[in-house]
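Report on one structure; see the data block that follows.
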Amino acid sequence: MKILFAFIISFACMAQEVKVGSKAFTEGYLLAEYLSQHLEMSHGTKVERKFGLGSTGIVVEAINNNEIDLYPEYTGTITKDILKSKKALSIEEINSELAPMGLMISQSLGFNNTYALAMDRTLAEKMGIQKLSQLSQFRKLRFAFSHEFMGRSDGWEGLAKTYKLKGIRPESMQHNLAYEALKEKKVDVIEVYTTDAAIDRMDLTILKDDRSYFPSYLAVILARVEWVKAHPQLWELLKNLENKLDERKMTSLNSQVEIDKKTFADVISTFLGNNSTKTPVRNILWQKTLEHLVLVLIPLFFAIIIGIPLGFWSFHSPKASHFLVSLTGIFQTIPSLALLCFLIPLFGVGWKPALVALFLYSLLPIVLNTIGGLRAIPQSLHESATVLGLNGREKTLKIDLPLAYPSIMVGIQNALITGIGTATLAALIGAGGYGQLIVTGLAVNDISKIIQGAWPAAAMALVFQIFFSLIHKIKK
Amino acid sequence: MISITNLQFSFENLAVIHQLSLNISGNSIHGLIGASGSGKSTLLRLIAGLLQPKQGEIRIKWPREVEDAKYLSQKLGFVIQDGGLFPHMNVVDNMTLMATMLNWSSVEIKNRVDELISLTNFDTQLLTKKITQISGGQRQRLSLMRALFLKPPLLLMDEPLGALDPLLRSEIQHDLKTILKKLKTTAVLVTHDLPEASFLCDQISLLKDGQLEQSCSISDFFSKPKTDYVKKYIDSQRMIGS
Chain A
280 MKILFAFIIS
290 FACMAQEVKV
300 GSKAFTEGYL
310 LAEYLSQHLE
320 MSHGTKVERK
330 FGLGSTGIVV
340 EAINNNEIDL
350 YPEYTGTITK
360 DILKSKKALS
370 IEEINSELAP
380 MGLMISQSLG
390 FNNTYALAMD
400 RTLAEKMGIQ
410 KLSQLSQFRK
420 LRFAFSHEFM
430 GRSDGWEGLA
440 KTYKLKGIRP
450 ESMQHNLAYE
460 ALKEKKVDVI
470 EVYTTDAAID
480 RMDLTILKDD
490 RSYFPSYLAV
500 ILARVEWVKA
510 HPQLWELLKN
520 LENKLDERKM
530 TSLNSQVEID
540 KKTFADVIST
550 FLGNNSTKTP
560 VRNILWQKTL
570 EHLVLVLIPL
580 FFAIIIGIPL
590 GFWSFHSPKA
600 SHFLVSLTGI
610 FQTIPSLALL
620 CFLIPLFGVG
630 WKPALVALFL
640 YSLLPIVLNT
650 IGGLRAIPQS
660 LHESATVLGL
670 NGREKTLKID
680 LPLAYPSIMV
690 GIQNALITGI
700 GTATLAALIG
710 AGGYGQLIVT
720 GLAVNDISKI
730 IQGAWPAAAM
740 ALVFQIFFSL
750 IHKIKK
Chain B
76 MISITNLQFS
86 FENLAVIHQL
96 SLNISGNSIH
106 GLIGASGSGK
116 STLLRLIAGL
126 LQPKQGEIRI
136 KWPREVEDAK
146 YLSQKLGFVI
156 QDGGLFPHMN
166 VVDNMTLMAT
176 MLNWSSVEIK
186 NRVDELISLT
196 NFDTQLLTKK
206 ITQISGGQRQ
216 RLSLMRALFL
226 KPPLLLMDEP
236 LGALDPLLRS
246 EIQHDLKTIL
256 KKLKTTAVLV
266 THDLPEASFL
276 CDQISLLKDG
286 QLEQSCSISD
296 FFSKPKTDYV
306 KKYIDSQRMI
316 GS
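The listed protein sequences derive, respectively, from chains A and B. Its first residue numbered 280, the first sequence is counted upward by one per residue in our numbering. Its first residue numbered 76, the second sequence is counted upward by one per residue in our numbering.
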């Protein structure tokens, strides 16, 4: 127990000077690392990285709950998803609308990551195409767009109207297949994001949006006003980064991660010329193991001390049993990620909602197995205990609990093993643990990174399995 | 010692014991017999206080020393058919459970264990075995030792030999007779087996559909059957016996 509490305390004390967040995709991680290293290099500022949060909703919740102080975001996303505005807004307009929410943004970091149409460089040069308004003159060009781009109102439909491309029938295919098709010269024009790693790798030309059709997705820093006021010199430091990164540089950074499989930290430290020592992988693994153990063991501990009495209570009261089993069953059927998100308004982001969710998940197997263990006790033994004159408490401690013990242990074991797996999802709401390695791996589509997070989780499950079978043997 | 008047008991509106009155005198061995469903086991549980009567009353005149007893097992020992022994405890722990709860000293406990072992002819080598490792006959001996451990003035037995094969049953019947004779305690034995009841008991009560057909001494039961049902019951058991 003491060790567990030490874990919690060390967990809680990690709060440092700047908490930088990010969403779970390559460019999000890279920009967050870029901001973090810039701060660390200049003043030796301590940065706590809370990267890989699952969605815009989760990051915003995190910044509102002081779980993070700032994170990189795009003006288009802020306009559409945070401010729910239908029309395009300038940076000044965004700032005045964010003010009542206690948030603010910096100027652009220097690039616009938006939709664009791209062609093979050689082909474009041969045909002399540089901008979108020229496309209508080349009716033989073949187009391929993602299903999403074809379906969005600000996708193909509006584009065709703005640039008079009606009559052209684009192929609709998966985004990465469109790249393949372009490579194979089966199509000539595809849609890309302006900083896609593939632009660099495949040597594509981006056609200029000369009628400003595509919405602006300028990369900016979204920060809490309160934090900015409290740390004016750090904010000034961050503002030095405004207008320093253009699309080509960002594309190259993305490509170093996705194509060359370098780590975010390495790519950024090379880019910034940062020579400070890097955290060795072993340390990260050790830290993630501690975090993962906290995520698994604390909820389990509470599920045990609450679940077993609940099991006893339901065994003695059939009505309670029905209610409890249904209730804990409902928690079990809510998909893990959804449950984690439901808990954000109540507990914020980070390890708190994760602990609550994992506690709720652990409850059902323990309650059910306690009831099952008690039901398996033959009637004659209940009668025996009664005729000996044992009172309720004595019967529970001397007879029921030891007899139901094997079944309860199976419940605890189930809760623990599934908990180790479920806890990896908690990374999406910033709870850390092995899941953080998996989420990062998924973001950059890097199997080896995913495995880095998956094998320790599997190993932990195995170690606990062995631990349980040892207890079982000793007991026998 | 036990006086039962106008006892009425039902399970979900189905009468199980109906207007039953009966006296069981102290220091006797009383057999409750009857076909299955006659209510004999229910009557025993009512006497033990495991069930509460709907009407009527059961009065038990407890000796003064157990009147304020903490545990039911200080007043009565109860032996059930399959023994009701706790599988998570070994033989000696099953036997001494209640004495430990009453904080008996280890010397007192050891003396009582020795007494009971010699009384029941229990094999001392089995004391540290698990319940699952001992035979059916030894289990019944253990169940009896557990019931008797706190020296209760009343011993209730519900088909204690029902689960045993005939040879073993006969052996334990003889042992039980010796034990009961030595104990000089009040005992009530539920059995469906008339020869067993007549072998072990002084008094006998035959139940039919929750009512008392006849209650008397063993000899009167065979020589002066009160009703046709009693006669039929005696005859049927003789036929099986012969």
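Backbone N, C-alpha and C define an ideal beta-carbon position, used for all residues, glycine too.
Determine whether the Cβ of residue 748(A) lies closer than 8 Å to any Cβ atom of chain B.
no
Selected residue, minimal CA-CA separation from residue 445(A), among 648(A), 436(A), 641(A)
436(A)
How many Å lie between residue 386(A) and residue 527(A) at the Cα?
19 Å
Taking residue 303(A) as the reference, which of 753(A), 465(A), 524(A), 719(A) has the closest Cα?
719(A)
Out of 287(B), 280(B), 258(B), 228(B), which one is the CA nearest neighbour of residue 295(B)?
Proximity to residue 295(B) across 287(B), 280(B), 258(B), 228(B) peaks at 280(B), based on C-alpha coordinates.
Between residue 317(B) and chain A, is any beta-carbon pair separated by less than 8 Å?
Because the pLDDT at residue 317(B) is just 45, under 50, the model does not fix this residue reliably, and the value given afterwards should be weighed accordingly. False, the Cβ-Cβ gap to chain A never drops below 8 Å.
Taking residue 668(A) as the query, report the chain B residues whose CB atoms sit under 7 Å from its CB, ordered along the chain.
By Cβ distance, chain B contributes 146, 147, 148.
Just list the alpha helix (DSSP H) runs in the region 485-557 of chain A, keeping only unbroken ones of 4 residues or longer that don't cross its boundaries, in chain order.
504-509, 511-518, 526-537, 543-551
Residues near residue 201(B) by beta carbon distance below 7 Å, same chain, minus five either side:
Contacts found: 166, 209, 213.
Using a Cβ-Cβ cutoff of less than 7 Å, which residues in the same chain neighbour residue 255(B) once the five nearest sequence positions on both sides are dropped?
104, 262, 275
Using 8 Å as the Cβ pair cut-off and three pairs as the minimum, do the region 231-240 of chain B and the region 155-165 of chain B touch?
yes
Is it true that the region 671-678 of chain A meets the region 724-735 of chain A, where meeting means three or more beta-carbon pairs spaced less than 8 Å apart?
No: the two stretches stay apart, fewer than three of their Cβ pairs being nearer than 8 Å.
Could you tell me the alpha carbon to alpha carbon distance between residue 577(A) and residue 482(A), rounded to whole angstroms?
51 Å
Could you name the residues of the same chain whose beta carbon sits closer than 7 Å to that of residue 316(A), not counting the 5 residues immediately before and after it, in chain order?
547, 548, 551, 553
Backbone secondary structure at residue 669(A) - three-state DSSP:
coil
Nearest to residue 691(A) by alpha carbon, out of 648(A), 715(A), 667(A)?
648(A)
Is the distance from the Cβ of residue 109(B) to the Cβ of residue 283(B) below 8 Å?
yes
Any beta carbon of chain A sitting closer than 8 Å to that of residue 176(B)?
yes
Report the residue from 480(A), 452(A), 463(A) whose alpha carbon sits nearest the alpha carbon of residue 470(A).
452(A)
So which residues on chain B does residue 649(A) lean against when the C-beta distance must stay under 9 Å?
Taking a Cβ-Cβ threshold of 9 Å, none of the residues of chain B is close to residue 649(A); the smallest such distance is about 16 Å.
Could you give the C-beta distance for residue 521(A) and residue 388(A), rounded to a whole number, given that I count them as a contact under 8 Å?
The Cβ separation is near 6 Å, so the contact holds.
Tell me the DSSP secondary structure of residue 228(B) in three-state form.
coil
Just the Cα atoms here: how many angstroms apart are residue 752(A) and residue 615(A)?
34 Å
Just to confirm my understanding: we take residue 743(A), look at its own chain, exclude 5 residues before and 5 after, and list those with CB closer than 6 Å. What are they?
Only 695 meet the Cβ criterion.
Report buried or exposed for residue 275(A), applying the criterion of at least 16 other Cβ atoms within 10 angstroms of its Cβ.
With chain A covering 280 to 755 only, the question about residue 275(A) has no answer from this structure.
Going by DSSP in three states, residue 83(B) sits in which element: helix, strand or coil?
strand
Within 10 Å of its beta-carbon, does residue 369(A) have 16 or more other beta-carbons around it, so buried, or fewer, so exposed?
exposed
Contact residues within the region 151-169 of chain B, judged by C-beta distance below 7 Å to chain A
153, 155, 157, 159, 161, 163
Quick one: list the residues of chain A neighbouring residue 173(B), beta-carbon separation under 9 Å, in chain order.
667, 668, 669
Where does the unbroken alpha helix (DSSP H) through residue 186(B) begin, and where does it stop?
181-195
Identified DSSP bridge partners for residue 78(B):
98(B), 134(B)
Contact check, residue 441(A) vs residue 490(A) under 8 Å by CB: the rounded distance?
5 Å
Taking the alpha-carbon of residue 680(A) as reference, which of 508(A), 565(A), 601(A), 587(A) has the nearest alpha-carbon?
587(A)
Which runs of the beta strand (DSSP E) at least 3 residues long sit entirely within the region 398-424 of chain A? Give them in chain order.
422-424
Would you mind working out which of 270(B), 147(B), 189(B), 141(B) sits nearest residue 122(B), comparing C-alpha positions?
147(B)
If you compare alpha carbons, which of 340(A), 326(A), 313(A), 301(A) is closest to residue 625(A)?
Per the Cα distances, 340(A).
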